[in-house]
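Chemist: Its first residue numbered 4, the sequence shown is counted upward by one per residue in this note's numbering.
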Amino acid sequence: MTCSSSAPTGTLPNLDIPEPLISLVRLLAREAAQTDFATRCNGEDPEVDHG
Numbered sequence: 004m005t006c007s008s009s010a011p012t013g014t015l016p017n018l019d020i021p022e023p024l025i026s027l028v029r030l031l032a033r034e035a036a037q038t039d040f041a042t043r044c045n046g047e048d049p050e051v052d053h054g
């Protein structure tokens, strides 16, 4: 894989989003990832709609 000049740099664009809202979104994403990881590690078979 090669680096390109159009690759994201990891900085957010200058948007007027309140920091508490960003923190809430990060918290919800973290909780969702932990739940997904726990479900996969427990061997449960979550319902998946493959279209």
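Where a beta carbon is used, it is the ideal one built from N, C-alpha and C, also for glycine.
Because the structure is a prediction, the values reported are computed rather than measured.
(1) Alpha carbon to alpha carbon, how far is I20 from A41? Give it in angstroms, no decimals.
(2) Assign P23 to one of three DSSP states: helix, strand, or coil.
(3) Could you give the DSSP three-state label for T38: helix, strand or coil?
(4) According to DSSP, is L30 helix, strand or coil?
Modeler: This is what the structure gives:
(1) 31 Å
(2) helix
(3) helix
(4) helix
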